[in-house]
Amino acid sequence: MEFRKFNDVAYFQIGIARKYMRRHNLTPLQFVERDSRFRILHFLEIGYESFHLTGDEGVLDELDEIIAGAG
340 MEFRKFNDVA YFQIGIARKY MRRHNLTPLQ FVERDSRFRI LHFLEIGYES
390 FHLTGDEGVL DELDEIIAGA G
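Here it is as structure tokens:
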């Protein structure tokens, strides 16, 4: 992955992770535990091309659906 795209993806992941933690009232440690179980950051990385155009609320809703189905 080229450096510029890597930075864009990382920035996107950080932003969504913060909003996800806020939405679900999670501490960073709780988020890390949830990420270990559901691979949230990986999901955001592989879906970046379509997700970064979706809007944050749409991405958060998609994450909630994926996790609810896997949980």
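Counting from 340, one number per residue, gives the positions in the sequence shown under our numbering. Ideal placement from N, C-alpha and C gives every residue a C-beta, glycine not left out.
Among A409, L383, V348, which has the Cα closest to the Cα of G397?
-> As a working note, residue 397 is residue 58 in the sequence shown. For G397, the nearest C-alpha among the options comes from L383.
Under a three-way DSSP split, which group does N364 fall into?
-> Looking up residue 364 in the sequence shown gives position 25. Coil, per DSSP.
In this structure, does DSSP put R373 in helix, strand or coil?
-> To locate residue 373, count along the sequence shown from 1; it is residue 34. Correct three-state label for R373: helix.
Ends of the alpha helix (DSSP H) at L380?
-> Mapped onto the sequence shown, residue 380 falls at position 41. Element bounds for L380: 379-385.
Is Y408 helix, strand or coil when you go by DSSP?
-> As a first step, residue 408 must be located in the sequence shown, where it is residue number 69. At residue 408 the sequence reads Gly, which differs from the Tyr that was named. G408: helix per DSSP, three-state reduction.
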